[in-house]
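What follows is a single structure, written as structure tokens, with notes after it.
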Amino acid sequence: DDAAHMTRVRDGVIAILPDASDILRPALYYLLSQIGDTESIAALEKAAETDSVAELQKIIFALSYSRGRAADQLMLKLAKLDKQTASVVASQSVRRMVLGPKGFGDITNAERLDFAEPMLKLHIDLRLVGFLANVHEARALRALMYCLENGVEDAAESLVANAEGMGKLSAADSKIAAKAIRDVIEYIEVSHLRGGPTAHMKKEDNYYGWKTLQARAGKVLLKIHKPEAAPIPEFDPLDLDP
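See the structure below:
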């Protein structure tokens, strides 16, 4: 809480970082991430210019624990370097959904999604997909639909669970949410239910599991779609069977 003391610590860490031992450097990365001001993040960005994949992993790991949102932008910048680095960043990214200035949970859904949306476009991590089931915003549904469209089946469950927990939505968000639910119903129908149970005899097809998820999606669509609005075309809630 002492700004002057924090500045002395930061400057001291930055000064010894270039010559620090392999054992000491991860602790220094962590300290700079916790301080999280402009100078600290800049020092971490400079350190990330290393050719060592192992060293870069340590820096990303430390950044993921930062309580400052500036770490989000550096993590996203590093994720854009190449596919391997994007995978490393994604594997640590779920922490950015919970860590805030006071330590835990004191961040907004908007801040979560400002990081999650671009991160998912760089690399889709299943833990991040799972966490988005708890971020009850229309933007989260749209992000999960992106994951589903890119072959991540787990996104269907997260999307439906997210929508089930939503409260009152604005007209614009209701429209986004309704489209996402319609799309997931169609996806389940085409990809997992077409042909009926006889076409899905293999246990791993999980026909009845998908059937149940589709029914849940249909139920939540009725809640999200506003009755006074124009009716949704090509959807009959009484006929979810193939």
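Residue numbers (the working numbering): 51 to 292.
Glycine is no exception: its CB is placed at the ideal position from the N, C-alpha and C atoms.
Keep in mind that this is a model prediction, so the values were computed, not measured.
* **Bounding residues of the alpha helix (DSSP H) (the contiguous stretch that carries LYS229)** => From DSSP, the alpha helix (DSSP H) with LYS229 extends over 221–238.
* In its own chain, which residues sit with a C-beta less than 7 Å from the C-beta of ARG177, not counting the 5 before and 5 after it? -> Cβ within range, chain order: VAL144.
* Using beta-carbon positions only, say whether LEU272 and ALA206 come within less than 8 Å of one another. => Cβ atoms of LEU272 and ALA206: not closer than 8 Å.
* Buried or exposed by the 16-neighbour rule on C-beta atoms within 10 Å, applied to ALA294 -> Here the chain comprises residues numbered 51 to 292, so residue 294 is not present and cannot be evaluated.
* Asked: Below 8 Å, can you find three or more Cβ-Cβ pairs linking the segment 196–206 to the segment 215–227?
  -> Because the criterion of three Cβ pairs below 8 Å is not met, the segment 196–206 and the segment 215–227 do not touch.
* **Cα-Cα separation between ARG244 and SER90, rounded to whole angstroms** => For ARG244 and SER90, the distance between alpha carbons rounds to 55 Å.
* Contact under 8 Å by Cβ, ALA140 with ASP175 -> Going by C-beta atoms, ALA140 is nearer than 8 Å to ASP175.
* Grab the span of the alpha helix (DSSP H) containing LEU209 for me, first residue to last. => That run of the alpha helix (DSSP H) goes 204–214.
* Asked: According to DSSP, is THR88 helix, strand or coil?
  -> Helix, per DSSP.
* Asked: Nearest to SER83 by CA position, among ILE109, ALA267, LEU74 and THR100, is which residue?
  -> The shortest C-alpha separation from SER83 is found at ILE109.
* Asked: According to the neighbour-count rule (16 or more other Cβ atoms, all chains shown, within 10 Å of its Cβ), is ARG13 buried or exposed?
  -> Given that the chain is displayed from residue 51 to residue 292, the structure contains no residue 13 and the question cannot be resolved.
* To do: Write down the C-beta distance between ALA296 and SER208 rounded to the nearest angstrom, noting that I regard them as a contact closer than 8 Å.
  => Look at the range of the chain in this structure, 51 to 292, and you will see that residue 296 is not part of it.
* Relative to the C-alpha of ALA211, which residue among LEU126, THR57, VAL270 and ARG232 is closest? -> Relative to ALA211, the option among LEU126, THR57, VAL270 and ARG232 whose CA is nearest is VAL270.
* Cβ neighbour criterion (16 or more within 10 Å) applied to ASP61 -> By the neighbour-count definition (other C-beta atoms within 10 Å, threshold 16), ASP61 is an exposed residue.
* Roughly how many angstroms separate the alpha carbons of PRO151 and ILE157, rounded to a whole number? -> Rounded to whole angstroms, PRO151 to ILE157 spans 8 Å at the Cα level.
* Is VAL185 helix, strand or coil by DSSP? -> In the structure shown, VAL185 sits in coil (DSSP, three-state: anything other than H, G, I, E or B).
* My understanding is that LEU128 touches THR135, with C-beta atoms under 8 Å, so please give their C-beta distance in whole angstroms. => Correct: roughly 6 Å between the Cβ atoms.
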